[in-house]
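What follows is a set of notes on a single structure, which appears directly below.
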Amino acid sequence: MALKLVIDNLSFNYASFAVLKDINIKVDVGEVLSIVGPNGSGKSTLLKCINRILKPQRDTILIDGRCTTKISIKEMSKLMGYVPQSSISTFPFTVFDIVLMGRRPYINWNLSENDSRIAAEMLDFLGIGSLAMRHFNELSGGEQQKVVIARALAQQPQILLFDEPTSSLDIKHQLEILCILKSLAQNLSCSVVVSIHDLNLASRFSDTMVMLKKGRIFAVGSPEEVLTEENIAAVYDIKCKVTHSLLDKPQVVPLISEDRVVRSLNLPTQAPLPTQRL
Ligand code: ADP
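When you line the sequence shown up against the working numbering, it's residues 79 to 356, in that order.
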């Protein structure tokens, strides 16, 4: 059964502070949808509303037409997996323990052989089977990220949410993680929603992009529709060139000059900085 996620006119306040306003998004089966926008524009808050860590004031998140407030926590965990920005374990859990935690929604009394098999399969799927008995806290950032993804996959969800999954990774691991997300959507028919800062990676791996500005959708559509020089100037306040010359997806080259940045930050300078005249 394939599930469709609909966000229907979502608004969200932290106490009296309005963070999200009038958000309407549909995510199809097999689709990767990325959420971009400046720091503080509401990306993480949106993901947390979708998976019910935060509770919007109205019933606005629908899975196959069912409002998530009518779905039990246990069932939600089977339908939706969430990979947060950072995961620090205060206990010395092994990698295998952490991935097994993803089976919690399915476990009644004891772990079954099936639960262990699925956890092992997910580690193998992500190419980290050899780390199974290592302690999570002793792994590199990239390895930890894969373990947390394996835990989400062990839930066998059909909707996966990722909050900045590439932010602390080197370029190779960034590509690897995004290839994994794309493959989950295409090969396992998952719907993937990912908040991400890197516009060029988002462009390469997304079917649809949503660009937020101050908690509202400023642009939505294909990478070509969203990543325009005008949209980026209006949302990020920087000049850029959008090129299609290297890939068949738009790539963004920021054109801001260093001395403009220094002026805007009022930093002290002794010698004039080299200016990029673009
Ligand atoms: P992004 O993920 O795009 O950086 P966030 O969703 O984290 O944005 O934050 C959106 C806004 O909500 C910011 O102004 C932030 O300060 C505020 N905010 C985030 N978390 C909380 C919180 N727990 N309580 C109050 N305000 C918050």
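Ideal Cβ placement from N, Cα and C applies to all residues, glycine included.
When the Cα of I295 is compared with those of A198, T172, R144, K99, which residue comes out closest? Closest by alpha carbon: K99.
For the putative contact between P162 and D241, defined by C-beta atoms under 8 Å, what is the C-beta separation to the nearest angstrom? About 5 Å separates the two Cβ atoms, so the contact holds.
DSSP three-state assignment for D193, whether helix, strand or coil: Helix.
Is the Cβ-Cβ distance between L238 and G180 less than 7 Å? The answer is no: Cβ separation not under 7 Å.
What first and last residue would you give for the alpha helix (DSSP H) that runs through L88? Not the alpha helix (DSSP H): L88 falls in the beta strand (DSSP E), residues 83-92.
When DSSP labels each residue in this structure, what does L111 get in the three-state scheme? Note: L111 maps to strand in three-state DSSP.
Can you tell me the Cβ-Cβ gap for V270 and V110, rounded? I've got them flagged as a contact below 8 Å. About 5 Å; that satisfies the 8 Å criterion.
On the DSSP bridge list, what partners appear for I101? According to DSSP, which records beta bridges pairwise, I101 is partnered with L88.
So G219 is in the alpha helix (DSSP H); what residue range does that whole segment cover? Residues 219-232.
Give me every residue whose Cβ sits closer than 5 Å to any heavy atom of the ligand ADP, in chain order. The filter returns Y92, V97, N117, G118, S119, G120, K121, S122, T123, in chain order.
Taking C-beta to C-beta, are C268 and L262 nearer than 7 Å? Yes. Within cutoff.
Check whether the segment 311-326 touches the segment 142-153, counting contact only when three or more Cβ pairs, one atom from each stretch, lie closer than 8 Å. Touching, no.
Locate the beta strand (DSSP E) running through Y160, then write down its first and last residues. Where Y160 is concerned, the enclosing beta strand (DSSP E) starts and stops at 158-161.
Residue closest to D106, alpha-carbon to alpha-carbon, out of S119, L83, P170, F95: When the alpha-carbon of D106 is set against those of S119, L83, P170, F95, the nearest one is in L83.
Taking only three categories from DSSP, how would you classify S269? DSSP places S269 in strand when its eight states are reduced to three.
Limits of the beta strand (DSSP E) - the one that K291 falls within: It spans 286-291 - the beta strand (DSSP E) in which K291 sits, taken as one unbroken run.
Nearest residue (CA-CA) to F203, options V226, E216, E191, L189: Between F203 and the set V226, E216, E191, L189, the nearest pair of CA atoms involves V226.
Can you find the residues in the same chain that come closer than 7 Å, C-beta to C-beta, to R130, ignoring five residues on each side of it along the sequence? Within the same chain, Cβ atoms closer than 7 Å to the Cβ of R130 are found at T146, M154, the five residues on either side in sequence being excluded.
Quick check on the burial criterion: 16 or more other C-beta atoms within 10 angstroms. Buried or exposed for C127? C127 is buried by the Cβ-count criterion.
If I follow the unbroken alpha helix (DSSP H) through D175, where does it start and stop? 173-178 is the extent of the alpha helix (DSSP H) around D175.
Quick one: is K133 buried, meaning 16 or more other Cβ sit within 10 Å of its Cβ, or exposed? Under this definition K133 is an exposed residue.
For F214, three-class secondary structure by DSSP: Reduced to three states, the DSSP call for F214 is helix.
May I ask which residues mark the beginning and end of the beta strand (DSSP E) holding R294? Residues 294-299.
Cβ-Cβ distance between I141 and L124 below 7 Å: Not in contact: I141 and L124 (Cβ atoms no closer than 7 Å).
Assess contact between the segment 167-176 and the segment 217-231, defined as three or more Cβ pairs (one per stretch) separated by less than 8 Å. Is contact present? The segment 167-176 is in contact with the segment 217-231.
Would the beta-carbon of G118 fall within 7 Å of that of L290? For G118 and L290, no; Cβs fall outside 7 Å.
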